[in-house]
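Numbering (the working numbering), first residue to last: -10 to 190.
First comes the structure, then the notes that go with it.
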DNA sequence: ACACGGATACTA
DNA sequence: AGTATCCGTGTC
C-alpha cells in the first residue's frame, strides 16, 4: 500500500506520481492512467477553494482520505485528499486501465469492451462500486481499498503528459490533468480538450 | 446536440 | 423560497 506520507505533498505532484500506480478496490483493480489536480491555491475550479464545507473537510481529515461526491446528480466522483502544507487539495481519478475483477466491472457497467469500463471519472466509480458510503474512507490502511505502487524496471516507468482539465470553466487554463502517454484507456485523448472545457473534434 | 438529475452556494 | 452552477454519461 502507498503510505500516508505520499499524500503529504502538493496536489500536482501527487496527481502526476499517481499515474502508473494501481488503484485497488476490494476484488477489482486498475492502473491509474488519468488524474486531475485540484488545489486550495489559485484554483477556482476546486471545491476546497470554493466551498467552506470542503475547506473544513481538508482541515479536519488526514491526507489519504477519500472524498466522494455526486456530480450532476448522476455520477459519483472519487478524489483523495492531499495536504502539502500551504497547498492542500484533491486528486480526482478520471480513468483506469482495468487489471483485476474485470468480469465484476463489466457486470456493474453493463458493457463488455474493456476500454469502456473505466474511461471516465463516473465510469470508474460505477465499475469499482464506489459511492457516497466511501466518502471519508481512509485509503492508507488495510489492503482492501487503496493504492499500490507497481514494480517497474528503471526507465520503464509510465511516461506522463500534462493537459488541460476536462469539463471545467473556472481556472480552465491550468494544465493540471495528467495522462499516461499513449494510453487507450483515458477518457479524452491528449490535446483534445479546449480551454472552454468543451471537447473539440 | 441534448436529456438526465441532486447537492451546494448564493440571493432574497 | 428560488436560482445558477457544477470535476459526466449515454443516446440521439
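The beta-carbon is built from N, C-alpha and C at its ideal position, and this holds for glycine as well.
Nearest candidate by alpha-carbon position, reference residue i, set the options
i           : options            : result
residue 14  : 87, 167, 161       : 87
residue 68  : 105, 24, 131       : 24
residue 76  : 26, 166, 57        : 26
residue 111 : 18, 81, 39, 36     : 81
residue 61  : 151, 6, 156, 178   : 156
residue -10 : 18, 1, 40          : 18
residue 59  : 100, 45, 36        : 36
residue 39  : 168, 78, 146       : 78
residue 166 : 63, 109, 99        : 109
residue 172 : 20, 56, 12, 66     : 20
residue 120 : 9, -6, 2, 56       : 56
residue 113 : 66, 127, 164, 100  : 66
residue 45  : 141, 131, 125, 100 : 125
residue 0   : 64, 104, 100, 164  : 164
residue 118 : 178, -8, 12, 179   : 12
residue 48  : 141, 63, 70        : 70
residue 182 : 152, 127, 101, 168 : 152
residue 154 : -7, 41, 83         : 83
residue 104 : 150, 174, -6, 132  : 174
residue 150 : 97, 180, 116, 85   : 180
residue -7  : 85, 131, 16        : 131
residue 176 : 123, 146, 107      : 107
residue 97  : 140, -5, 43, 16    : 16
residue 116 : 123, 99, 140, 122  : 99
Residues bridged to residue i [DSSP beta-bridge criterion]
i           : result
residue 134 : 14
residue 167 : 24, 151
residue 127 : 54
Supposed close pair residue i, residue j - CB separation, criterion 8 Å
i           : j          : result
residue -3  : residue 73 : 7 Å
residue 168 : residue 63 : That belief does not hold up - the Cβ atoms of residue 168 and residue 63 are roughly 24 Å apart, past 8 Å.
- Task: Could you say if the region 87 to 99 and the region 47 to 54 meet the contact criterion of at least three C-beta pairs nearer than 8 Å?
- Result: no
- Query: Does the region 31 to 48 come close enough to the region 153 to 161 that 3 or more CB-CB pairs lie under 8 Å?
  - Reply: yes
- Item | alpha helix (DSSP H) runs wholly inside the region 20 to 106, at least 4 long, in chain order | 36 to 39, 41 to 49, 91 to 98
- Message: Any contact between the region 128 to 143 and the region -6 to 10? By contact I mean 3 or more CB pairs, one from each, below 8 Å.
- Response: yes
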